[in-house]
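Chains as they are written, first to last, in the working numbering: chain A, 243 to 559; chain B, 9 to 265; chain C, 9 to 265; chain D, 112 to 442; chain E, 112 to 442.
Glycine included, each C-beta is placed from N, C-alpha and C at the ideal position.
From a predicted model like this one, the values you see are computed outputs, not experimental measurements.
This report refers to the structure that appears directly beneath it.
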Amino acid sequence: PSAAAGADGSAKPKVAAVIKGLDNPFFQAMQNGIEGTAKADGVSATVQAAADIGDTTGQADKLTTLAGQDFSCFVVNPISGTNLVQALAPVGAAGKTIVNIDQPIDATAAKAANLKVATYIGTDNKKAGGKAGDFVTKAVPAGSEVAIIGGIAGDVTSAARIDGFKAAVGSKVKVVQEAAADWKRELALTRATDIMEAHPDVKAFFAANDDMGLGIVKAVQNAGKTGDITVVSVDGNKDALQSVKDGGLSATVAQYPYAVGSLGVQACEVVADGKTLPSNIESPTALVTKDDADTAISKFPQPFEEFDNPLTSLLGK
Amino acid sequence: MTSTTTTDTDLDLVLSAEGITKSFGSVHALRGASISMRRGEVTALIGDNGAGKSTLVRCLSGIHRPDEGSITINGSLVDFHTPLEARNAGVETVQQNLALIEDLSVWQNFFLGRERTRGFGPFRFLDSKAMRSKADEMLGGLAVNVPPVTSKVRRLSGGQRQAVAIARAAGWGSPIVIMDEPTAALGVQETARVEGVIKRLQDSGVAVLLISHNFDQVLRLSQQVWVMRSGTAVAGRRAVDTNGDELVALITGAKAA
Amino acid sequence: MTSTTTTDTDLDLVLSAEGITKSFGSVHALRGASISMRRGEVTALIGDNGAGKSTLVRCLSGIHRPDEGSITINGSLVDFHTPLEARNAGVETVQQNLALIEDLSVWQNFFLGRERTRGFGPFRFLDSKAMRSKADEMLGGLAVNVPPVTSKVRRLSGGQRQAVAIARAAGWGSPIVIMDEPTAALGVQETARVEGVIKRLQDSGVAVLLISHNFDQVLRLSQQVWVMRSGTAVAGRRAVDTNGDELVALITGAKAA
Amino acid sequence: MNTTTTATAPDVQRTTPADVLRDARHLSFWAEHAAPIGLVALIIVFSILSPSFLTLGNISAMLTAAAILVILAVAQSYVITTGGIDLSISATMTFGAICFGLAFSGGLGFWLSALVGVLGAAVIGIVNGLLIASGKVTDFIATLGTLSVATGLALIFSNGRPISVLSPELLQLTTGRIGIVGYPFIIAVVIGIIAWVVMFRTRFGLHVQAVGGSEEAAVANGLSANRVRIAVYLISAVLAGIAALLLVARVGAAEPAINTSYLLNSIAAVVLGGVSLTGGKAKIVGPILGALLLTALSNGLTLLGVSQFYQPLAVGLVVVLAALLTRFQKR
Amino acid sequence: MNTTTTATAPDVQRTTPADVLRDARHLSFWAEHAAPIGLVALIIVFSILSPSFLTLGNISAMLTAAAILVILAVAQSYVITTGGIDLSISATMTFGAICFGLAFSGGLGFWLSALVGVLGAAVIGIVNGLLIASGKVTDFIATLGTLSVATGLALIFSNGRPISVLSPELLQLTTGRIGIVGYPFIIAVVIGIIAWVVMFRTRFGLHVQAVGGSEEAAVANGLSANRVRIAVYLISAVLAGIAALLLVARVGAAEPAINTSYLLNSIAAVVLGGVSLTGGKAKIVGPILGALLLTALSNGLTLLGVSQFYQPLAVGLVVVLAALLTRFQKR
Ligand SMILES: Nc1ncnc2c1ncn2[C@@H]1O[C@H](COP(=O)(O)OP(=O)(O)OP(=O)(O)O)[C@@H](O)[C@H]1O
Ligand SMILES: Nc1ncnc2c1ncn2[C@@H]1O[C@H](COP(=O)(O)OP(=O)(O)OP(=O)(O)O)[C@@H](O)[C@H]1O
Ligand SMILES: [Mg+2]
Ligand SMILES: [Mg+2]
């Protein structure tokens with residue numbers, strides 16, 4: 243039960259959101275989703291973000307700072323499964339709503355800390371990687387050489403996406419190399435160039451985010467192999483969609499961060515209305531290829547395919 | 009050379025400093041010091057540690073700007089903002105710490121701040137050949153035993169360094185050369201060489217200001233002695249009119265000037 | 009004191025160094041130098057710049073380890089690996105650069121490396137009160153005009169620093185005190201004070217090794233003079249048997265020992 | 112010219128009370144106290160701008176958040192006092208966290224695992240010390256190298272994945288508190304007090320300052336500069352290891368990611384605390400206040416809802432301003 | 112004891128050819144040449160282990176990839192020669208890239224935008240110079256502060272988003288080549304040559320070395336140390352601005368992301384190149400070779416498919432080894 247939930251059910255939640263680093267367009271879209279929806283629905287919302295993708299304690303500190311204020315609903319996108327658990331403990335203890343988006347909170351850790359999460363909204367990063375894997379297996383002949391470029395070595399999201407990709411491709415293609423490019427476009431370019439030297443027959447690249455995907459596209463262009471090499475990445479940022487349209491990226495797995503943020507705010511509203519949330523809300527993911535790139539761009543940042551939003555009915559809209 | 013008193017109207021006066029004061033925070037290093045130097049003479053400046061000798065020298069050579077007081081060179085008032093201005097006005101100085109740069113070669117140190125260049129417009133390059141041969145000549149002319157001008161100062165012994173610093177100051181034909189304790193750390197042979205240089209400078213009409221704690225040296229080389237105490241020049245004496253005991257008494261304040 | 013030659017079997021011999029060599033890369037600073045010191049005497053060590061005096065001092069005080077050669081103190085061979093070992097063997101040194109730490113106070117510098125502590129086991133804390141009063145006493149006993157022992161060395165003038173360094177070396181009752189050019193940068197008054205300290209040390213039976221470029225001082229204070237040239241001690245003289253001219257000749261090599 | 116100027120008393124070195132007063136009116140007074148002054152200024156500004164800033168809850172949150180940085184600032188302060196710098200400090204913390212996590216998942220139990228974590232960090236410290244003291248490698252480069260090495264080792268050992276650590280002791284560490292002060296900050300303060308006593312009341316501390324002041328003079332006085340240097344880098348690493356435990360407790364997992372911001376912030380805290388990078392001048396309270404200042408800055412900016420983009424700008428400006436103040440410090 | 116040891120010739124300062132030979136057998140020879148020796152060693156090792164390493168294509172790729180780091184290493188080398196350090200170099204590059212990107216999207220055209228980018232970077236350099244020369248702030252802290260400030264400004268100006276830049280000139284810059292050598296590396300080499308000539312053949316270069324050798328002596332000889340320092344930080348920033356253009360050309364977009372690795376690598380390259388962080392000893396070729404070494408190391412490790420986890424370890428070990436070599440350098 244939310245602290246701010248009024249008897250008449252018309253109470254508005256006061257939303258605090260803590261998300262990952264804003265140095266990545268993905269999370270900026272998420273912020274826009276939160277702020278845009280909050281504004282449209284007349285809800286007050288504050289968004290704070292970690293300094294960068296490695297700033298686990300900084301993110302926890304920010305959450306702790308906000309926890310002391312009179313917010314009724316906390317939307318959190320933790321950098322890792324556990325880094326916000328301790329900071330959330332007092333929030334949970336005060337009976338405030340916790341909505342977990344994007345990166346799931348580690349279930350065991352949450353249990354140990356006696357933490358109840360109202361709902362989880364998000365895309366399975368593993369599933370997103372899987373979609374990319376399925377695409378690659380179809381796009382290149384069986385047994386082709388494939389390379390993977392991940393984010394900062396040791397990053398959780400990157401690992402999940404890569405695991406999903408690997409599981410999907412199985413033994414249908416040969417993963418010849420896995421390199422880290424720190425989420426950076428320039429470094430991905432260098433790595434991809436090097437990999438193409440070492441493995442001239444490489445037929446496809448998978449990148450753990452769009453920025454690196456665009457770097458690989460550039461490397462492929464420089465090598466004059468545009469069209470010969472399939473490049474897939476995950477995120478669905480505007481630049482990436484444009485590149486898909488222009489024939490650079492072969493495909494991107496759009497995760498609709500805007501929708502994720504928007505759903506987070508709506509979930510808070512549902513709780514404030516005194517209604518119960520489903521424990522798991524899946525936000526859409528979709529593979530965008532050249533065919534649907536135009537639609538995706540025109541709908542951006544909203545999902546380009548209709549999806550079943552369970553919260554719409556709960557909110558009575 | 010035979011007159012025993014100096015007068016302010018002396019035509020031979022090349023440099024005179026009047027009422028120079030200089031403070032560093034709460035430390036009053038100079039409290040109105042006045043000295044003068046005459047053409048073709050060696051003028052000595054003596055005084056206890058911390059009396060302000062080096063600070064006065066630094067004012068004369070443009071490293072510090074005096075808080076008050078005036079400096080006159082060849083009859084015209086000067087006001088140095090940088091060491092370069094002092095150099096251009098004809099004041100060369102051998103600082104107490106020599107002011108050599110260890111990682112540069114002898115010739116680079118020689119010409120530091122007045123390098124010769126070739127070319128024109130923005131394309132001016134160092135004329136190292138000319139500078140090397142000129143430096144060689146300047147050191148050679150002083151007949152001091154130094155290694156090739158291309159070797160780094162770091163490889164030079166203390167005596168050799170002192171020689172380079174002195175040759176540098178002496179080699180530009182400047183009318184005024186100041187030497188701050190040039191022989192403090194030197195051995196007998198090196199000291200004798202430096203004294204030779206000072207005599208030769210004097211003979212060629214240069215006014216030399218010599219700071220030294222060695223009274224024998226002072227009385228042997230100089231014609232005029234200024235005694236400093238607590239930031240002022242408490243006494244001026246012609247060298248022929250004084251002796252070591254009087255100088256000690258003046259320095260310690262046992263005797264008023 | 010009236011004997012004019014030293015002999016190896018002398019019972020008064022407190023320190024003797026035999027055939028010390030020391031090289032830094034290709035620089036052979038010492039090439040087999042041998043000197044000795046006697047109880048209650050001031051032994052002087054002279055020589056030109058770079059002759060190896062300071063290097064020899066550093067070998068005797070444990071800063072350098074000689075490449076070859078032996079050092080005997082009170083009849084027993086010693087081999088110092090660190091300055092601490094030399095100190096414990098009774099050798100105190102005033103280094104040419106004073107070895108004071110500017111950011112520490114006078115009493116902290118005084119007791120550096122031999123601090124007094126209170127408490128027991130792992131809980132030993134500095135006994136600053138005891139150290140302060142002892143330092144005050146040691147400085148006061150030498151009757152040198154120094155500021156409170158709690159002031160930082162950075163605030164001291166050159167002469168005051170020299171006084172602290174000398175008082176520190178003199179204050180521990182060590183039988184051997186080495187002073188490397190203790191008056192090089194000092195004025196008349198300060199020099200007189202330091203010479204007083206040296207005489208007092210000598211009177212209390214301490215063997216003092218004095219390095220100096222000032223022959224008057226050397227002949228005035230010392231009983232034995234060692235002359236170094238190019239890394240060896242080329243001659244030893246009783247002070248009463250020699251004079252400035254001979255020393256100059258020995259230093260320059262004009263006269264073989 | 113032959114007339115005598117009467118010599119004034121030779122009080123060149125004496126400072127009168129009037130001088131002291133004038134100094135205080137000058138900037139050097141502010142410079143010595145950049146951290147406390149800055150902290151008070153920030154507290155005033157933020158408590159005017161945000162009513163939540165000075166609530167007990169927020170103060171408690173700030174103190175807990177500051178604990179790790181306080182410990183790292185104390186560690187860095189020891190190194191900087193000797194004139195060195197420890198660029199590997201945050202990588203060492205990461206490495207210690209991974210060692211702790213691995214030992215714990217290996218079933219060693221909390222206390223033994225904590226020991227493994229601290230020892231793991233200590234190894235990096237000893238390598239730093241040996242490289243710098245015996246290897247005569249510049250501090251900057253040696254710790255830059257071990258930064259890379261420790262990062263690599265943390266990744267290799269953990270296989271690049273976070274290691275969840277769920278232990279009641281760890282939970283206790285995060286949630287326990289005395290009054291409004293959480294255990295992490297209490298630990299940090301205890302470390303600060305011990306560090307202060309060691310620095311200013313023991314022989315070792317005096318030797319640290321002496322080596323920083325002048326290595327040559329310290330050696331000539333019978334100290335072993337090498338031993339002091341090795342000890343200092345070891346202390347820095349051990350404290351980083353202790354900080355690693357707090358880090359794991361806070362985020363609930365040992366993660367191989369490097370926290371570069373901790374490195375730069377630990378140095379900034381020390382400098383804000385009035386310690387000069389040239390060494391020789393020890394301070395412990397200053398760096399701790401510097402760490403609190405940086406934490407309060409980030410906390411206040413978050414409370415005010417200042418965008419993430421403006422936060423580095425604000426931190427940079429504060430560092431530069433504080434440094435401009437510190438330059439008026441008396442030597 | 113009265114017997115005389117015959118005095119040997121006073122050749123204490125003379126070095127004989129035999130000494131030189133002995134020195135070469137000693138480590139100091141290797142130390143002076145850590146970068147070329149390391150580079151040759153790496154090339155040998157990698158070309159044995161990987162057949163692709165010495166192919167024309169890979170060499171060309173390596174040179175192009177090295178261009179940015181080469182320029183930054185040259186920039187850092189100027190600063191380090193004066194005894195300073197520029198921690199803001201990579202943040203300045205990022206800021207320059209964003210300025211360029213914004214100007215270009217604003218329709219200023221390539222050349223004018225490039226000018227805006229370089230000028231934007233130059234502003235940071237001037238601030239660094241003024242803080243350090245006139246403000247007397249320690250180089251380390253001043254540039255740490257501007258690192259934060261430049262990062263913040265880049266995020267604010269770009270609103271945290273990459274700015275796509277599609278211009279034919281930029282495309283030409285990435286794809287153009289003479290033989291196997293791409294334009295970026297040619298630009299880097301031209302900059303290196305100019306930097307060498309300026310450093311070793313002009314008054315300004317001599318003054319840079321003099322200020323690094325001894326600021327006090329330089330000033331006593333009539334140089335303005337302040338002016339030299341400001342110039343050096345300005346040069347560093349302008350070169351970072353030029354590197355920013357190559358960076359944008361390379362990825363086709365100006366990104367506000369912070370490139371800490373460029374900062375650390377630029378310093379590592381300079382140190383590998385045999386320059387001491389204490390200043391006074393200028394080198395240009397060494398740092399360039401150091402940059403090539405680091406690029407070759409990363410390229411070779413990728414070619415060999417060495418796990419990403421082992422890469423920081425390898426880089427760290429190379430840096431430490433090279434530093435251990437450099438310590439045997441003659442002064
Ligand atoms: N840059 C400075 N900052 C502060 N105090 C200074 C500075 N330079 C000199 N002083 C102080 O000014 C006084 C005079 O110093 P100065 O160096 O002129 O003495 P000196 O006569 O040359 O002594 P010495 O014979 O030891 O060389 C001393 O008390 C010294 O500490
Ligand atoms: N640490 C060192 N490294 C290299 N060379 C050194 C070192 N110490 C001394 N030398 C060299 O050894 C020689 C002897 O130096 P030393 O300092 O012993 O001379 P000195 O007799 O004390 O001279 P001075 O009268 O100038 O003090 C000199 O050539 C000097 O350059
Ligand atoms: Mg002086
Ligand atoms: Mg000596």
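Tell me whether residue 61 of chain C counts as near ligand 2, meaning its Cβ is closer than 7 Å to at least one heavy atom of that ligand.
For the purposes of this step, residue 61 of chain C is taken as the residue at position 53 of the third sequence. Indeed, a heavy atom of ligand 2 lies less than 7 Å from the Cβ.
Contact set between residue 179 of chain B and chain E, taken where Cβ atoms lie within less than 7 Å
What you label residue 179 of chain B is simply residue 171 of the second sequence in a count that begins at 1. Near residue 179 of chain B there are no residues of chain E at all, since even the closest Cβ is about 14 Å away, more than 7 Å.
C-beta contact flag for residue 134 of chain B and residue 314 of chain E at 8 Å:
The residue labelled residue 134 of chain B in the question sits at position 126 within the second sequence. The residue labelled residue 314 of chain E in the question sits at position 203 within the fifth sequence. Yes; because the gap between Cβ atoms is below 8 Å, this pair is in contact.
Are the segment 342-352 of chain E and the segment 232-247 of chain E in contact at 8 Å, needing three or more beta carbon pairs?
The answer is yes - the segment 232-247 of chain E touches the segment 342-352 of chain E, with three or more Cβ pairs under 8 Å.
Quick one, are the C-beta atoms of residue 213 of chain C and residue 195 of chain C less than 8 Å apart?
Position 205 of the third sequence, counting from 1, holds the residue named residue 213 of chain C. Position 187 of the third sequence, counting from 1, holds the residue named residue 195 of chain C. No, Cβ-Cβ distance for residue 213 of chain C and residue 195 of chain C is not below 8 Å.
Do you know whose CA, among E:197, E:281, E:170, E:264, lies nearest residue 224 of chain E's CA?
Start at 1 with the first residue of the fifth sequence, and residue 224 of chain E comes out as number 113. Taking only the C-alpha atoms, the option nearest residue 224 of chain E is E:281.
Under 7 Å (Cβ pairs) to chain C, residues found in the segment 79-92 of chain B:
Cβ contacts with chain C come from no residue of the segment 79-92 of chain B.
Please classify residue 215 of chain D: is it buried, with 16 or more other beta-carbons within 10 angstroms of its beta-carbon, or exposed?
Position 104 of the fourth sequence, counting from 1, holds the residue named residue 215 of chain D. Around the Cβ of residue 215 of chain D, a 10 Å sphere holds 16 or more other Cβ atoms; the residue is buried.
Contacts that residue 332 of chain D makes with chain H (C-beta to C-beta distance below 7 Å):
In the structure shown, chain H cannot be found, because the protein chains are A, B, C, D and E.
Measuring CB atoms only, is the segment 134-144 of chain C touching the segment 363-377 of chain D, in the sense that at least three cross pairs come out at less than 8 Å?
Here the segment 134-144 of chain C does not lie against the segment 363-377 of chain D, with fewer than 3 beta-carbon pairs under 8 Å apart.
Can you determine whether any heavy atom of ligand 3 sits closer than 7 Å to the C-beta of residue 170 of chain C, and answer yes or no?
As a first step, residue 170 of chain C must be located in the third sequence, where it is residue number 162. No, Cβ of residue 170 of chain C sits at least 7 Å from all heavy atoms of ligand 3.
Where the alpha helix (DSSP H) through residue 195 of chain D begins and ends:
What you label residue 195 of chain D is simply residue 84 of the fourth sequence in a count that begins at 1. Judged by DSSP secondary structure, residue 195 of chain D falls outside any alpha helix (DSSP H); it is assigned neither H nor E.
What separation, rounded to the nearest whole angstrom, lies between the Cα atoms of residue 386 of chain A and residue 436 of chain A?
As a position in the first sequence, residue 386 of chain A is number 144, starting the count at 1. As a position in the first sequence, residue 436 of chain A is number 194, starting the count at 1. The alpha-carbon separation between residue 386 of chain A and residue 436 of chain A amounts to approximately 18 Å.
For residue 303 of chain D, which of D:403, D:226, D:283, D:272 has the nearest alpha-carbon?
As a working note, residue 303 of chain D is residue 192 in the fourth sequence. Measuring from the Cα of residue 303 of chain D, the nearest candidate turns out to be D:403.
State yes or no: is the beta carbon of residue 134 of chain E nearer than 8 Å to at least one beta carbon in chain D?
Within the fifth sequence, residue 134 of chain E is the residue found at index 23, counting from 1. Residue placement at residue 134 of chain E is flagged as unreliable, the pLDDT there being 48, under the threshold of 50; the coordinate-derived value follows with that caveat. It does not; no Cβ of chain D falls within 8 Å.
Which same chain residues, not among the five before or five after residue 132 of chain E, have their C-beta less than 8 Å away from its C-beta?
As a first step, residue 132 of chain E must be located in the fifth sequence, where it is residue number 21. Confidence in residue 132 of chain E is poor, its pLDDT being 49 and thus under 50, which makes the residue's placement unreliable; the coordinate value appears in the next sentence. Same-chain partners within the cutoff: there are none.
In angstroms with no decimal places, state the Cα-to-Cα distance between residue 258 of chain B and residue 264 of chain B.
Taking the first residue of the second sequence as position 1, residue 258 of chain B is located at position 250. Taking the first residue of the second sequence as position 1, residue 264 of chain B is located at position 256. Rounded to the nearest whole angstrom, the CA to CA distance from residue 258 of chain B to residue 264 of chain B is 6 Å.
With hydrogens ignored, establish whether the beta-carbon of residue 25 of chain B is closer than 7 Å to any heavy atom of ligand 1.
Against the second sequence, residue 25 of chain B aligns to sequence position 17. If you check the C-beta of residue 25 of chain B against ligand 1, you find no heavy atom less than 7 Å away.
Is residue 172 of chain C closer than 8 Å to residue 209 of chain C when the C-beta atoms are compared?
Sequence index remark: in the third sequence, residue 209 of chain C carries index 201 (1-based). Sequence index remark: in the third sequence, residue 172 of chain C carries index 164 (1-based). Result no, Cβ atoms of residue 209 of chain C and residue 172 of chain C do not sit closer than 8 Å.
Return yes when the Cβ of residue 476 of chain A is within less than 8 Å of the Cβ of residue 501 of chain A, no when it is not.
Locating residue 501 of chain A in the first sequence gives position 259, counting from the first residue. Locating residue 476 of chain A in the first sequence gives position 234, counting from the first residue. In this structure, residue 476 of chain A does not lie closer than 8 Å to residue 501 of chain A by Cβ.
Does any residue of chain D bring its CB to less than 8 Å from the CB of residue 396 of chain A?
Mapped onto the first sequence, residue 396 of chain A falls at position 154. Output row for residue 396 of chain A: interface = yes.
Starting from residue 248 of chain D, trace the alpha helix (DSSP H) in both directions and tell me its first and last residue.
As a working note, residue 248 of chain D is residue 137 in the fourth sequence. Counting along the chain, no alpha helix (DSSP H) covers residue 248 of chain D, and no H or E run does either.
Which same chain residues end up closer than 7 Å to residue 254 of chain E when comparing Cβ atoms and leaving out the 5 residues on each side of it in sequence?
As a first step, residue 254 of chain E is located in the fifth sequence; it is residue number 143 there, counting from the start. Correct list, in chain order: 196, 197, 198, 199, 239.
Pairwise C-alpha distance: residue 535 of chain A and residue 491 of chain A
The sequence position of residue 491 of chain A within the first sequence is 249, counting from 1. The sequence position of residue 535 of chain A within the first sequence is 293, counting from 1. Straight through space, the alpha carbons of residue 535 of chain A and residue 491 of chain A are spaced by roughly 11 Å.
Proximal residues of chain E, C-beta to C-beta of residue 133 of chain B below 8 Å
The sequence position of residue 133 of chain B within the second sequence is 125, counting from 1. Neighbours of residue 133 of chain B across chain E, judged by C-beta separation under 8 Å: 308, 312, 313.
Using a cut-off of 9 Å between C-beta atoms, extract the partners of residue 426 of chain A located in chain E.
Numbered from 1 along the first sequence, position 184 holds the residue referred to as residue 426 of chain A. Within chain E, the residues placing a beta-carbon under 9 Å from that of residue 426 of chain A are 362, 366, 368, 370, 372, ordered along the chain.
Can you pull the chain E residues whose beta carbon is under 8 Å from the beta carbon of residue 260 of chain B, in chain order?
As a first step, residue 260 of chain B is located in the second sequence; it is residue number 252 there, counting from the start. Under the 8 Å cutoff, chain E gives no residues; its nearest Cβ is about 31 Å from residue 260 of chain B.
Nearest chain D C-beta to residue 21 of chain C closer than 8 Å, yes or no?
Reading the third sequence from its first residue, position 13 is the one you call residue 21 of chain C. No, residue 21 of chain C lies away from the interface with chain D (no Cβ there is under 8 Å from its Cβ).
In whole angstroms, give me the CA-to-CA distance for residue 78 of chain B and residue 22 of chain C.
Start at 1 with the first residue of the second sequence, and residue 78 of chain B comes out as number 70. Start at 1 with the first residue of the third sequence, and residue 22 of chain C comes out as number 14. Distance between the alpha carbons of residue 78 of chain B and residue 22 of chain C is about 59 Å.
Taking 8 Å as the threshold (beta carbon to beta carbon), is residue 295 of chain E in contact with chain A?
The sequence position of residue 295 of chain E within the fifth sequence is 184, counting from 1. Closer than 8 Å: no.
From which residue to which residue does the beta strand (DSSP E) around residue 31 of chain C run?
Position 23 of the third sequence, counting from 1, holds the residue named residue 31 of chain C. Counting along the chain, the beta strand (DSSP E) containing residue 31 of chain C begins and ends at 21-32.
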